[in-house]
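Asker:
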């Protein structure tokens, strides 16, 4: 972008116009997400009504895979927001918390695995094998 020749009034007007366009696009995206959730809620309701309890999850996942390829977790989030059980902001917060927990767990597991490897090496080194293959 070239801002040469633009005064502060013009810069401010352009910044605000783009900000408002972004807000409108976000609102439109939220409206589409809620509509998607309503359609998914109806599909899930029909699956739950038409299929026995033990088959519902398999049928639901099959439906999503073939007709609306979103992850089942995301589908449930969309339904929850559309039906008013939660807000998009709450979904974002829960997702962020889940990602943080997963990263901490992965880091702890990685550290634990490294520690186990180090311990195994130390144990191996402290019990050298003699020339006949038995610990000395």
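Residue numbers (my numbering): 1 to 136. Note that beta-carbon positions come from the ideal geometry of N, C-alpha and C, so glycine has one too.
(1) Is the number of C-beta pairs between the segment 21-37 and the segment 66-81 that are closer than 8 Å three or more?
(2) Could you pull the start and end residues of the alpha helix (DSSP H) that residue 19 belongs to?
(3) If you drop the 5 nearest sequence neighbours on each side, which residues of the same chain put their C-beta closer than 7 Å to that of residue 44?
(4) Counting C-beta neighbours from all protein chains within 10 Å, is the total for residue 40 16 or more, i.e. buried, or is it exposed?
(5) Determine the direct distance from the alpha carbon of residue 49 to that of residue 30, and round the result to whole angstroms.
Answerer: This is what the structure gives:
(1) Here the segment 21-37 makes contact with the segment 66-81; the two share three or more CB pairs at distances below 8 Å.
(2) In this chain, the alpha helix (DSSP H) harbouring residue 19 covers 8-50.
(3) In chain order, 60, 79 place their CB closer than 7 Å to the CB of residue 44, counting only its own chain and leaving out the 5 sequence neighbours on each side.
(4) Buried is the call here.
(5) One C-alpha to the other measures close to 28 Å.
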